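What follows is a single structure, written as structure tokens, with notes after it.
In the numbering used here, the protein residues as written are 6 to 828.
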């Protein structure tokens with residue numbers, strides 16, 4: 006695998022440094038020790054890194070170039086390596102998770118142990134601490150920041166030795182004499198970039214070395230009279246001015262194009278960005294953009310003068326940051342403002358129309374590199390701010406949450422300063438801020454920010470604005486994240502009614518609001534109402550296929566499958582789940598987060614229906630995918646781990662189930678909170694395993710803690726509470742407290758029948774357990790009719806051969822476990 010900029014065919018010298026670098030990297034055989042090429046701008050650090058990659062490419066299976074001057078874009082470049090390593094790409098898993106999967110694969114050396122990462126133009130070392138994977142490969146960093154020297158092995162890259170300067174000029178300038186080369190090198194201070202500029206100018210114009218030296222002296226004198234350049238070597242400035250002077254004489258339009266490029270970022274600029282646009286553009290550039298032949302000639306001329314670098318395969322052009330800075334510095338402030346406006350117009354027109362369509366993400370990623378350098382945040386133009394919102398939409402949809410959070414904060418700060426805190430663009434970006442807080446598990450902070458934003462939105466935009474409705478819907482998720490399921494349900498009831506009244510029942514945003522309300526209903530034990538609502542929404546989505554995205558449609562399908570299972574129709578849930586999983590894998594990808602959710606729910610349904618082997622197989626697979634893509638502490642991974650632990654227990658693999666369930670319980674407390682309902686339910690899962698492993702007293706202690714925590718939140722009449730109560734009664738029987746177990750079992754059975762229905766599997770399990778406990782207590786006259794009725798109901802619902810029915814027939818206790826729905 007190979008991703009490195011084109012090699013400079015005129016690369017000269019640096020043999021000592023290249024050999025030193027190769028030896029230093031080769032000596033590190035046990036762990037990655039990044040090597041840094043450090044030096045001033047223009048000394049050739051990047052070219053040396055490129056040459057190293059080409060020269061020693063046979064030593065590596067993977068060589069990957071990472072432009073690093075904007076840390077927020079580094080993960081996106083790493084994520085591009087994902088499909089080549091056999092891990093989910095950004096389209097499937099999002100940029101953050103794809104990049105993490107890449108780093109993990111490199112760390113493990115799987116599937117390739119010989120790899121080279123090159124971070125070009127990195128600035129602060131601390132920005133890259135978690136981006137440099139320890140492992141069997143190599144890392145090379147180029148930087149102008151001297152602080153890298155205190156962190157990693159560093160090789161200082163200085164100007165050329167005189168001999169190498171002369172060799173370079175001899176390659177580039179025909180018929181140059183040794184004496185002339187020496188004088189040119191002396192005048193240019195042996196700076197590689199200045200030498201490149203001088204050689205290109207002489208080759209392009211046919212200028213002699215003597216003429217170049219004469220002009221150079223004149224320009225250097227005038228430059229020194231003005232004062233030495235603040236940031237750049239005077240030789241570079243002079244060489245650049247000579248090239249620019251000749252460029253103005255031969256092709257003025259190319260000069261205007263170069264000035265425009267100076268206000269993009271130093272990363273590659275998409276060639277297609279240069280075309281006629283509607284927004285403000287200087288007349289001289291507009292004329293060039295309107296004439297394709299002249300535009301192509303201008304680009305080619307800039308390349309011949311070594312002022313831009315063209316990558317024909319990627320269809321990009323790139324200007325060295327030093328040249329960009331010199332170009333900007335020579336322009337008056339009003340002209341700088343005009344050209345920035347021009348760049349904004351080009352970027353806006355180059356952006357695709359839909360930010361949430363995966364096919365458009367590569368173009369958005371290419372434009373993202375220029376958002377900060379072009380000063381997009383500082384623009385007050387409606388079209389530019391609309392583009393900024395699209396960037397946030399792209400980052401969120403692709404899963405690059407860190408970058409989304411950073412850009413949202415940047416936009417909010419700038420726009421608040423420019424337009425005030427109540428500006429609609431500020432409010433919209435603040436909504437994204439709240440979304441990102443929620444994605445990082447900061448539910449309380451998200452709730453506080455979103456409520457404050459919502460109050461202002463209602464004042465400024467009104468209750469019925471689409472942005473207000475989107476934010477209204479998001480707050481329900483904040484409430485669920487904090488464990489406030491009842492509050493979320495009431496909030497989302499209002500949200501759905503408002504969506505229907507304003508947007509209509511078939512709008513995609515309304516369907517998303519309905520899906521959230523259905524989730525609330527399930528979390529508050531009203532499974533039948535949840536299923537009814539989802540059936541209606543699913544039919545509506547089917548009837549409006551062109552208006553509803555595949556992701557939204559799959560979400561509704563997955564939720565419907567879950568609701569059917571929660572209602573106790575396990576076999577039907579398997580049928581719906583299999584259909585949904587097939588659709589998701591066909592339309593999206595097996596590792597897409599929405600598809601993983603469908604697979605996890607299908608594994609649960611299979612386990613409940615008695616197909617334990619297939620359920621375990623699916624549960625193992627989905628948990629492994631979650632861990633590989635998201636890591637151990639992601640909510641999806643925790644849900645997958647819970648599903649797998651329950652499947653392992655059902656298949657008799659108790660030790661593995663216990664270890665996983667206990668680890669998951671501890672992670673839930675850290676990711677959510679100790680008082681979150683999901684944490685209490687995970688405690689009860691562990692308690693169940695303690696009992697079946699022969700520790701009923703420990704099981705009782707855990708279940709009593711879980712029951713108290715859940716009952717404080719919900720009261721007794723909630724499915725989760727009653728699940729724990731049924732399990733606690735089983736603990737009590739083993740501890741000899743049969744009378745108390747019977748009382749608790751009878752109460753739980755009564756409540757479950759009233760809550761879920763007489764034939765719901767949870768109610769049947771409670772009835773079977775109570776019948777066994779009554780019989781053990783010598784109350785056979787009560788146990789017999791209850792047992793007979795329960796077995797008849799099993800025969801009519803799950804079937805006489807279902808594992809639950811078989812256990813009940815033998816008088817064995819049934820255990821009720823918990824699998825967390827999504828927040």
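Where is the CB? At the ideal position from N, CA and C, for every residue including glycine. None of the values given here were measured: they were computed from a predicted structure.
DSSP places residue 627 inside the alpha helix (DSSP H), whose first and last residues are 617-635. The region 360-371 makes no contact with the region 281-301; the number of CB pairs closer than 8 Å stays below 3. By the Cβ neighbour-count rule, residue 159 is buried, with 16 or more other Cβ atoms within 10 Å of its own.
Three or more pairs of CB atoms, one per stretch, sit closer than 8 Å, so the region 307-316 contacts the region 260-273.
Take residue 542, set aside five residues on each side of it, and the residues of its chain with a beta-carbon closer than 7 Å to its own are 516, 519, 520 and 561, in chain order. DSSP, read as helix, strand or coil, puts residue 314 in strand.
Bridge partners of residue 69 according to DSSP: 8 and 122.
Secondary structure of residue 595 (DSSP, three-state): coil.
For residue 323, DSSP records a beta bridge to 314.
The C-beta of residue 139 has fewer than 16 other C-beta atoms within 10 Å across all chains shown, which makes the residue exposed.
With a cut-off of 8 Å on Cβ pairs, the region 298-308 is not in contact with the region 392-402, counting fewer than three such pairs.
Residue 471 and residue 457 have their alpha carbons spaced roughly 17 Å apart.
The bridge partners DSSP lists for residue 148 are 43. Annotation: the continuous alpha helix (DSSP H) that includes residue 304 extends over 297-309. Between residue 570 and residue 610, the CB-CB gap stays under 8 Å.
In this structure, DSSP gives residue 730 a helical state, which the three-state scheme calls helix.
Shown here for residue 282: same chain residues with a beta carbon closer than 8 Å to its own, the five before and five after excluded, namely 294, 350, 351, 353 and 354 in chain order. Each of 746, 376 and 106 was checked against the Cα of residue 83, and the nearest Cα belongs to 106. Between residue 100 and residue 404, the gap from beta carbon to beta carbon is short of 8 Å. Just so you know, the alpha carbons of residue 394 and residue 643 end up roughly 32 Å apart. As a beta-bridge residue in DSSP terms, residue 161 pairs with 43. Take the alpha-carbon of residue 26 and the one of residue 40: they are about 8 Å apart. In the structure shown, the three-state DSSP call for residue 274 is strand. Between the C-alpha atoms of residue 484 and residue 12 there is a straight-line separation of about 55 Å. The three-state reading of DSSP puts residue 668 in helix, counting H, G and I together.
Take the alpha-carbon of residue 196 and the one of residue 382: they are about 35 Å apart. The C-beta distance from residue 749 to residue 733 rounds to 7 Å, short enough to fall under 8 Å. Counting other Cβ atoms within 10 Å of its Cβ, residue 545 reaches 16 or more and is therefore classed as buried.
Relative to the Cα of residue 375, the nearest Cα in the group 78, 157 and 803 belongs to 78. A distance below 6 Å between beta-carbons, with the five flanking residues on each side excluded, links residue 261 to the following residues of its chain, in chain order: 289 and 290.
Residue pairing for residue 143: DSSP places it in a beta bridge opposite 121. The C-beta distance from residue 413 to residue 437 rounds to 4 Å, short enough to fall under 8 Å.
Secondary structure note for residue 765: it is in no alpha helix (DSSP H), with a DSSP letter that is neither H nor E. Secondary structure of residue 356 (DSSP, three-state): coil.
Between residue 828 and residue 640, the beta carbon gap of about 6 Å places them in contact (Cβ cut-off 8 Å).
Residue 194 is a Cβ neighbour of residue 164, given a cutoff of 8 Å.
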